[in-house]
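For the sequence shown, our numbering assigns the number 4 to the initial residue and increments by one for each residue that follows.
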Amino acid sequence: MVKGKILEFGEKLSLPCRHMNLYFQNRNWNAECVALKGRSIADMNVWLPFMEEGALAVRFPASESQAIIDQFPHLPTDVRWLEAADVLMHEADGWWPRLLIYETLRKLLIQRFSSLNIGLHCYVIGATRLGRAAVAAMATLGFSNISIIDEDEVLLALEVKTLRRYLLGINIEAVPAGTLTVQTKAGSLMINTLTLQDESAVLKDLSYFNFMNQGGIVVDISECCERSQLLEEAERADLKILTGLEVQSQVDVNLLTKLFPDQYITFDDYFESFSDHFESLKISL
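If you want it as C-alpha cells, here you go:
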C-alpha cells in the first residue's frame with residue numbers, strides 16, 4: 004500500500020500540494036500533504052524529530068533555502084555550492100535537502116525542445132535562489148553565455164560573483180533591468196523567476212523581446228500558473244513557451260517518483276489532472 008506524509012511549511016497548503024492530495028485520493032493512496040501550521044523554520048531541528056512518523060518529505064519555497072540548509076551540516080554537492088534547496092527528503096540516514104527544480108529544468112528542456120540553440124545566450128530574470136538554480140542547470144545543459152537580469156544591482160553583483168566561483172568556463176554577466184531594451188546579444192532561452200506586476204517596468208521591457216532570437220523559448224517559473232502576461236506576450240512574439248504549471252507538474256512527478264518508486268507516475272497523466280482541476284483548486288485557496 005502507498006502511504007506517507009508530505010509536509011509543507013505554511014498555514015495552508017499551496018496549490019501544488021492541494022492538487023497532490025487530489026491525485027492521491029483519485030488513486031486511492033493512503034498518502035497526504037499536510038500544512039505545518041504555526042511551525043517555524045528557525046527551530047526546525049527542535050520539532051522535526053517529533054513529526055517524522057510517516058513523513059517522507061518537507062516542501063518549502065526555494066527563497067527559504069538559507070534558513071533550511073544552515074541547519075544541516077552535511078549537504079548534497081549541488082545544494083552546498085548553490086546554497087539552494089526546495090525540499091527535504093527523509094532517507095535511510097536522515098533528512099537531506101534536495102533541489103528538484105535544478106534537474107527538472109534540464110529534463111523538461113531536453114525533452115520538449117530538442118532544437119534549443121545552446122550556442123546563443125540564455126537570459127535568467129531574477130537574482131534569486133530559483134535564478135541561481137536555473138543558471139546552474141543551463142550551464143550543465145551546455146550554455147556558455149548566461150546573463151542574469153535584476154533591478155537590484157547590488158544583489159545582482161553578489162549573485163554573479165557567487166556563480167562565477169563555481170561555474171568555471173561559463174561567461175556569466177550581470178544585466179541591470181534598466182538596460183534590457185539595449186541588449187544586443189541574441190538569446191535562445193529566457194527563464195523568468197520573478198513575480199512581475201502587470202504594470203511593472205521590467206515586464207514592459209521584457210515584453211519587447213528584442214534580445215530573443217526567432218523561435219526562442221520563454222520559461223516562467225515565478226509561480227504555478229497556466230498563463231502569465233509574460234508568456235502571453237511571448238506567444239504574440241511567436242516565441243515558444245513553457246508554463247509554470249508544466250514545470251511544477253514535472254517537479255511534483257520527480258518528487259513522487261522518488262518517494263514512491265514502485266508506482267507508475269507519468270508527466271502526461273499528472274499534468275492533465277492538474278490542468279483539469281486547476282481553476283477549482285485556485286478557488287479553494
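Where is the CB? At the ideal position from N, CA and C, for every residue including glycine.
Exercise. If you check the beta carbons only, do ASP89 and LEU103 fall under 7 angstroms apart?
Worked result: Remark: C-beta atoms of ASP89 and LEU103 approach each other more closely than 7 angstroms.
Problem set entry | Span separating the alpha-carbon of TRP84 from that of GLY145 | Here the C-alpha atom of TRP84 lies approximately 19 angstroms from the C-alpha atom of GLY145.
Exercise. Hey, quick one: how far does the beta strand (DSSP E) through SER191 stretch, first residue to last?
Worked result: Element bounds for SER191: 190-195.
Exercise. CA-CA distance, ARG21 and SER276?
Worked result: Going by C-alpha positions, ARG21 is about 12 angstroms away from SER276.
For this session: Let me know the beta strand (DSSP E) ranges lying completely inside the stretch 94-157, each 3 residues or longer, listed in chain order.
Result: Uninterrupted beta strand (DSSP E) stretches at least 3 residues long and entirely within the stretch 94-157 occur at 97-101, 124-128 and 148-153, given in chain order.
Problem set entry | Bounding residues of the alpha helix (DSSP H) (the contiguous stretch that carries GLY247) | The continuous alpha helix (DSSP H) containing GLY247 extends over residues 247-262.
Exercise. Cα separation between ALA177 and ALA130?
Worked result: The alpha-carbon of ALA177 is positioned some 9 angstroms away from that of ALA130.
Exercise. Looking at the unbroken beta strand (DSSP E) that takes in ALA60, where does it start and where does it end?
Worked result: Under the DSSP assignment, ALA60 falls in the beta strand (DSSP E) whose first and last residues are 58-62.
For this session: Taking only the alpha-carbon atoms, compute the straight-line gap between PHE212 and LEU133 and give it to the nearest angstrom.
Result: Those two C-alpha atoms are separated by around 21 angstroms.
For this session: State yes or no: is the C-beta of LEU171 within less than 7 angstroms of the C-beta of ASP208?
Result: With respect to ASP208, LEU171 sits apart: the two C-beta atoms are not nearer than 7 angstroms.
Problem set entry | Enclosing alpha helix (DSSP H) for MET47 [first to last residue] | From DSSP, the alpha helix (DSSP H) with MET47 extends over 47-50.
For this session: Use the C-beta contact count for PRO264: other C-beta atoms within 10 angstroms, 16 or more gives buried, fewer gives exposed.
Result: Exposed, by the Cβ-count rule.
Exercise. Taking one C-beta from the stretch 59-73 and one from the stretch 4-20 each time, how about it: are there three or more such pairs within less than 8 angstroms?
Worked result: Because the criterion of three Cβ pairs below 8 angstroms is met, the stretch 59-73 and the stretch 4-20 touch.
For this session: Please report the residue range of the beta strand (DSSP E) in which VAL223 lies.
Result: Residue 223 is actually Asp in this sequence, not Val. Per DSSP, ASP223 is one residue of the beta strand (DSSP E) stretching across 215-223.
For this session: Check the DSSP bridge columns for ASN174 and list the partner residues they point to.
Result: For ASN174, the beta-bridge partners assigned by DSSP are ASN148.
Exercise. Is ARG2 buried or exposed, if buried means 16 or more other CB atoms sit within 10 Å of its CB?
Worked result: Outside the shown range of the chain (4 to 288) lies residue 2, about which nothing can therefore be said.
Exercise. How about ASP201 and GLN251: are their beta carbons less than 7 angstroms apart?
Worked result: No Cβ-Cβ contact shorter than 7 angstroms links ASP201 with GLN251.
For this session: Measure the Cβ-Cβ separation of ASN195 and ASP223 and say whether it is below 7 angstroms.
Result: Yes, the pair counts as a contact, with Cβ atoms nearer than the cut-off.
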